[in-house]
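Visitor: In my numbering, the protein residues as written are 119 to 238. Dumping the structure here so I can ask a few things about it.
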Amino acid sequence: MANDNHLFSVTCYNVTMLNNKYYNEFFELGQQKINFSFFELCLPDDDPVYTLKKVMEELDFSGLLANCSDKGRTGYNPIMMYAVVTYANMRGIRAVDRIVELCERDLAFIWLTKGQKPKG
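What follows is the structure, encoded as structure tokens:
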């Protein structure tokens, strides 16, 4: 991942967010990478998950990230988890067990989590 400011593809409003690994990890700031396993998923171009991702790129996550600690075991990306819960709510899904199952089986959730499988 490049650290040059001129390579950022996402407008960031908070300098602390630029330095946060969770923010950079979720939005893939810097060089674009093609993961062929996700490229082959063939989600429709009009899938709402793309809209959600674009909207989330404009949000300020500094409050969410301020509550994250580097102590203890490495957890899941909090921005990714927020996106998963938001997308599940967009689809009318509220049960955590169902969300976990969708992260393993549904193409849009797999794309959103980049293949990570959060546990309930």
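C-beta: ideal position from N, C-alpha, C; glycine also. Treat the numbers as computed from the prediction; the structure is a model and nothing was measured.
1. Rounded to whole angstroms, what's the CA-CA distance from L161 to E176? Just pull it up for me.
2. I197 to Y140, Cα distance in whole Å?
3. Alpha carbon to alpha carbon, how far is S180 from N132? Give it in angstroms, no decimals.
4. Judging by CA-CA distance, which residue of D163, T231, D165 and Y168 is the nearest neighbour of Y200?
5. May I ask you to report which of helix, strand or coil DSSP gives D224?
6. Taking L182 as the reference, which of R191, G190, K171 and N195 has the closest Cα?
7. What's the C-alpha gap between F154 and N185?
8. In this structure, does DSSP put R209 in helix, strand or coil?
9. If I follow the unbroken alpha helix (DSSP H) through L182, where does it start and stop?
10. Below 8 Å on the Cβ atoms is my contact criterion, and I expect V173 with Y205 to pass it. Report the Cβ-Cβ distance as a whole number of Å.
Guide: In short:
1. Counting from one through the sequence shown, the residue named residue 161 turns up at place 43. Counting from one through the sequence shown, the residue named residue 176 turns up at place 58. If I take the Cα positions, the gap works out to 23 Å.
2. The sequence position of residue 197 within the sequence shown is 79, counting from 1. The sequence position of residue 140 within the sequence shown is 22, counting from 1. I197 and Y140: Cα-Cα distance of roughly 7 Å.
3. Taking the first residue of the sequence shown as position 1, residue 132 is located at position 14. Taking the first residue of the sequence shown as position 1, residue 180 is located at position 62. For N132, the pLDDT reaches just 49, beneath the cut-off of 50, and the residue's location in the model is therefore unreliable, although a value from the coordinates is still provided. When the Cα atoms are used, N132 and S180 turn out to be separated by approximately 7 Å.
4. Reading the sequence shown from its first residue, position 82 is the one you call residue 200. Nearest Cα to Y200 within the set D163, T231, D165 and Y168: T231.
5. Taking the first residue of the sequence shown as 1, we reach residue 224 at position 106. Coil at D224, not helix or strand.
6. The sequence position of residue 182 within the sequence shown is 64, counting from 1. Each of R191, G190, K171 and N195 was checked against the Cα of L182, and the nearest Cα belongs to N195.
7. By 1-based counting over the sequence shown, the position of residue 154 is 36. By 1-based counting over the sequence shown, the position of residue 185 is 67. A caution first: F154 carries a pLDDT of 48, below 50, which makes its placement in the model too unreliable to give a value.
8. Position 91 of the sequence shown, counted from the start, is the residue given in the question as residue 209. Note: R209 maps to coil in three-state DSSP.
9. Taking the sequence shown and counting its residues from 1, the one referred to as residue 182 is at position 64. Counting along the chain, the alpha helix (DSSP H) containing L182 begins and ends at S180 to A184.
10. Position 55 of the sequence shown, counted from the start, is the residue given in the question as residue 173. Position 87 of the sequence shown, counted from the start, is the residue given in the question as residue 205. Approximately 11 Å separates the beta-carbon atoms of V173 and Y205; this is outside 8 Å, ruling out the contact.
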